[in-house]
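Working notes, beginning with the structure itself.
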Amino acid sequence: MSNPQETPLSERLSLVFFGLRNAGKSSLLNAFLGSQTAIVSPTPGTTTDPVTRAFELGELGPVAITDTAGLDDEGDLGKLRVQKSRDKIAVCDVPILVSRADLPPTELEMTIWNELAEKKPALTLVLTHADLGLHPEKKVWAEPRNAAAVDNLSGAGVPELRKLLQRRAALAEREISPLEGLVNENDFLILVTPIDLAAPKGRLILPQVETIRDVLDKDCACLVVKERELKSFYDNLGLKPKLVVCDSQVFSKVASDIPEEQALTSFSILFGRKKGELSVYLAGIAALANQPADAKVLVLEACAHHKQADDIGTVKIPRLFHQLVQSRAVFHHRRDIPDEEELKTFSLVINCAGCMVSRNRMLSRIEKFRKLGIPVINYGLFLAWANGLLPRAILPFPEAEALLGRAAPPSKPGTASI
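In structure tokens, the structure reads:
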């Protein structure tokens, strides 16, 4: 179990070491971390599954560093390992190609570099086994790519590599904070956090914790209340909040207890914006009107948790969908995306907020759905729509006008009953 005081992996800058088998990825990871974290062997294919470690990298702060299997692995099992490695590369912030300094560049190394150079501005080249000398062809190939050279065994070159990665990481797109663009210094907010069967004992869930921290980082203040106490506190505060943020499951009650002109949104929508694309989710809302009678809906959650009797993904959302969209729709619940052939059979995807995954991973998911023409919705936006709170729930965002111009959500279809 991870330490609740540590930065979650999903919020850390992600660095991935990748390359051919026996390029020195694992020994480089050990030298970089200053500990024997990864198993090192001259036998090709020692690393079979991605290994991720948390680390503090200078000015970059908390990062997640992953060692992967070789991209030239062979056989049926090797193909699976290669795919896992490629999946990690696709969703990382800083991909780091690890290549032996004493060998010429291979066709595979050059091909994958060219593939990633267009998509990953922070792509970095590291030459290992620098103590064995630099092959002339590798020198020609590496020079325009500003490579770092490292002796894995002695650790020579590691400090320079860390500095290089700090510079390269500045080129990577970083996630916005939950309240980015929504508040100014000295603003006051109310956060509504239900303590129900699904709430973890003795603590708040990650989106709530991160939002509270963001309130403090932005020099603001907030009042945290349960939905039952909201009206009393709101009416007696004598101070209008800049924004009320609630759990999506209590949208209806919260909206009924505060003035209609009060800015309101949910934690799930904040994280839908932080991790994904609100414009895509709003287009998914518009697609609800065209769902077939036998709609097949995929509900995707990014983490494992104990499901209670009133679980949002398996109980509440399907119930609302049957009430308001299609009564005969069939729901399938997964943590991982099905293969393409199965994915094509779904008419709609409903995503969780994605608080436990990185923005890159969520965008990778969304892109798969987009290519197949499958509309996708975020939990929070679906519940806002079901409770007749669109467009109100997105109006607080500075980009709201542009979002509504691109995909105006349909009006409330009826009375939601969670």
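For the sequence shown, the tail end lands on 775 under the working numbering, and the numbers increase by one without skipping.
C-beta: ideal position from N, C-alpha, C; glycine also.
All values reported here derive from a predicted model rather than from experimental measurement.
Open item on the list: Can you check which of these residues, 423, 643, 746 and 490, is closest to residue 406 by C-alpha distance?
Closed with: As a working mapping, residue 406 is identified with position 49 in the sequence shown. It is 423.
Open item on the list: Measuring straight from C-alpha to C-alpha, what distance separates residue 420 and residue 713?
Closed with: Within the sequence shown, residue 420 is the residue found at index 63, counting from 1. Within the sequence shown, residue 713 is the residue found at index 356, counting from 1. Computed Cα separation, rounded: 15 Å.
Task: Sheet register partners of residue 687 (DSSP bridge) - done: Counted from its first residue, the sequence shown places residue 687 at position 330. Per DSSP, 653.
Open item on the list: Looking at residue 717: is its Cβ nearer than 8 Å to the Cβ of residue 736?
Closed with: What you label residue 717 is simply residue 360 of the sequence shown in a count that begins at 1. What you label residue 736 is simply residue 379 of the sequence shown in a count that begins at 1. Not closer than 8 Å, so no.
Task: alpha helix (DSSP H) runs wholly inside the stretch 479 to 557, at least 4 long, in chain order - done: 493 to 499 and 515 to 526
- [ ] With residue 572 as the anchor, note down where its alpha helix (DSSP H) starts and where it stops.
- [x] By one-based count along the sequence shown, residue 572 stands at place 215. Unbroken alpha helix (DSSP H) run through residue 572: 563 to 574.
Task: Proximity below 8 Å, CB of residue 583 to CB of residue 542 - done: As a first step, residue 583 must be located in the sequence shown, where it is residue number 226. As a first step, residue 542 must be located in the sequence shown, where it is residue number 185. No; because the gap between Cβ atoms is not below 8 Å, this pair is not in contact.
TODO: Tell whether a beta-carbon distance below 8 Å holds between residue 370 and residue 448.
DONE: Within the sequence shown, the letter at position 13 stands for residue 370. Within the sequence shown, the letter at position 91 stands for residue 448. It is not a contact, given that the beta carbons lie outside the stated cut-off.
TODO: Please determine if the stretch 691 to 709 and the stretch 603 to 613 are in contact, where contact requires at least 3 C-beta pairs separated by less than 8 Å.
DONE: no
- [ ] Given a cut-off of 8 Å, decide if residue 385 and residue 439 are closer than it, judged by their beta-carbon atoms.
- [x] As a working note, residue 439 is residue 82 in the sequence shown. As a working note, residue 385 is residue 28 in the sequence shown. No. Outside cutoff.
TODO: Please report how far the alpha carbon of residue 366 lies from the alpha carbon of residue 625, in whole angstroms.
DONE: Translated into the one-based positions of the sequence shown, residue 366 becomes position 9. Translated into the one-based positions of the sequence shown, residue 625 becomes position 268. For residue 366 and residue 625, the distance between alpha carbons rounds to 19 Å.
Task: Range covered by the alpha helix (DSSP H) that runs through residue 411 - done: The residue labelled residue 411 in the question sits at position 54 within the sequence shown. Note, residue 411: premise wrong, no alpha helix (DSSP H); beta strand (DSSP E) at 408 to 414.
TODO: Would you kindly work out how many angstroms separate the C-alpha atoms of residue 446 and residue 596, rounded to a whole number?
DONE: In the sequence shown, the residue the question calls residue 446 occupies position 89. In the sequence shown, the residue the question calls residue 596 occupies position 239. One C-alpha to the other measures close to 48 Å.
Task: Bridge-paired residues (DSSP) for residue 376 - done: Mapped onto the sequence shown, residue 376 falls at position 19. Answer by DSSP bridge pairing, in chain order: 455.
- [ ] Report the residue from 639, 605 and 588 whose alpha carbon sits nearest the alpha carbon of residue 673.
- [x] Here the question's residue 673 lines up with position 316 in the sequence shown. Measuring from the Cα of residue 673, the nearest candidate turns out to be 605.
Open item on the list: Using CA atoms only, rank isn't needed, just tell me which of 755, 730 and 560 is closest to residue 630.
Closed with: Along the sequence shown, one-based indexing puts residue 630 at 273. The candidate whose alpha carbon is nearest that of residue 630 is 755.
TODO: Using the Cα positions of residue 772 and residue 437, report the straight-line distance between them to the nearest angstrom.
DONE: As a first step, residue 772 is located in the sequence shown; it is residue number 415 there, counting from the start. As a first step, residue 437 is located in the sequence shown; it is residue number 80 there, counting from the start. At residue 772 the pLDDT is 49, less than 50, meaning the model places this residue with poor confidence; the figure from the coordinates comes in the next sentence. When rounded, the distance between both Cα atoms is 47 Å.
Open item on the list: Could you check whether residue 545 and residue 599 sit closer than 8 Å to each other, using their CB atoms as the reference points?
Closed with: Counting from one through the sequence shown, the residue named residue 599 turns up at place 242. Counting from one through the sequence shown, the residue named residue 545 turns up at place 188. Yes, the pair counts as a contact, with Cβ atoms nearer than the cut-off.
Open item on the list: So, at 7 Å on beta carbons, what are the nonlocal neighbours of residue 565 in its own chain, with the 5 sequence-adjacent residues on each side left out?
Closed with: Mapped onto the sequence shown, residue 565 falls at position 208. For residue 565, where only same-chain residues beyond five positions count, the Cβ hits under 7 Å are 548, 550 and 624.
- [ ] With a 10 Å radius around its C-beta and 16 neighbouring C-beta atoms as the bar for buried, classify residue 768 as buried or exposed.
- [x] The residue you call residue 768 lines up with position 411 of the sequence shown. Residue placement at residue 768 cannot be trusted, given a pLDDT of 48 that sits under 50; the coordinates are not used to answer.
- [ ] With a threshold of 16 other CB atoms inside 10 Å of the CB of residue 359, please say whether the residue is buried or exposed.
- [x] Within the sequence shown, residue 359 is the residue found at index 2, counting from 1. A caution first: residue 359 carries a pLDDT of 49, below 50, which makes its placement in the model too unreliable to give a value.
Open item on the list: Please classify residue 774 as buried or exposed, where buried requires at least 16 other C-beta atoms within 10 Å of its C-beta.
Closed with: As a position in the sequence shown, residue 774 is number 417, starting the count at 1. With a pLDDT of 48 at residue 774, under the threshold of 50, the predicted position of this residue should be treated as unreliable, though the coordinate-derived value follows. By the neighbour-count rule (16 or more Cβ atoms within 10 Å), residue 774 is not buried but exposed.
Task: Which of helix, strand or coil DSSP assigns to residue 694 - done: Residue numbering aside, residue 694 sits at position 337 when the sequence shown is read from its first letter. Note: residue 694 maps to coil in three-state DSSP.
Task: Of the listed residues 648, 508 and 752, nearest to residue 387 (C-alpha basis) - done: Taking the first residue of the sequence shown as position 1, residue 387 is located at position 30. For the residues 648, 508 and 752, the minimum Cα distance to residue 387 belongs to 508.
Open item on the list: Please confirm whether residue 476 has its beta-carbon closer than 8 Å to some beta-carbon of chain C.
Closed with: Among the protein chains of the structure shown there is no chain C, as only one such chain exists.
TODO: Determine, using beta carbons only, whether residue 690 and residue 671 come nearer to each other than 8 Å.
DONE: Reading the sequence shown from its first residue, position 333 is the one you call residue 690. Reading the sequence shown from its first residue, position 314 is the one you call residue 671. Contact flag set, yes.
TODO: Count the C-beta pairs between the stretch 459 to 476 and the stretch 510 to 527 that are closer than 8 Å, then say yes if the count reaches three, no if not.
DONE: no
- [ ] Kindly give me the distance between the Cβ atoms of residue 491 and residue 458, rounded to whole angstroms, as I take these residues to be in contact under 8 Å.
- [x] Walking along the sequence shown from the start, residue 491 turns up at place 134. Walking along the sequence shown from the start, residue 458 turns up at place 101. Indeed, because the Cβ distance is near 5 Å, the residues count as touching under 8 Å.
TODO: Using three-state DSSP, classify residue 744 as helix, strand or coil.
DONE: Mapped onto the sequence shown, residue 744 falls at position 387. Three-state DSSP puts residue 744 in coil, outside helix and strand.
Open item on the list: Suppose contacts are defined by Cβ-Cβ distances below 8 Å. Is residue 722 in contact with residue 694 by that definition?
Closed with: Residue 722 sits at position 365 when you count from the first residue of the sequence shown. Residue 694 sits at position 337 when you count from the first residue of the sequence shown. A contact, by the Cβ cut-off of 8 Å.
- [ ] Name, in chain order, the residues that DSSP records as bridge partners for residue 603.
- [x] Locating residue 603 in the sequence shown gives position 246, counting from the first residue. Bridge partners of residue 603: 549 and 623.
Task: Distance between residue 453 and residue 372 (C-alpha atoms, nearest Å) - done: Taking the first residue of the sequence shown as position 1, residue 372 is located at position 15. Taking the first residue of the sequence shown as position 1, residue 453 is located at position 96. Each residue's alpha carbon lies about 7 Å from the other.
Open item on the list: Please tell me whether residue 412 and residue 390 are closer than 8 Å, where the distance is taken between their beta carbons.
Closed with: Working through the sequence shown from its first residue, we reach residue 412 at position 55. Working through the sequence shown from its first residue, we reach residue 390 at position 33. In this structure, residue 390 lies closer than 8 Å to residue 412 by Cβ.
Open item on the list: Per DSSP, what are the beta-bridge partners of residue 423 in this structure?
Closed with: For the purposes of this step, residue 423 is identified with residue 66 of the sequence shown, where counting begins at 1. Beta-bridge pairing links residue 423 to 373 and 409.
Task: residue 629 (DSSP reduced to helix, strand or coil) - done: Position 272 of the sequence shown, counted from the start, is the residue given in the question as residue 629. Three-state DSSP puts residue 629 in a helix.
Task: Residue interval of the alpha helix (DSSP H) (run including residue 642) - done: Here residue 642 refers to the residue found at position 285 of the sequence shown. That run of the alpha helix (DSSP H) goes 635 to 643.
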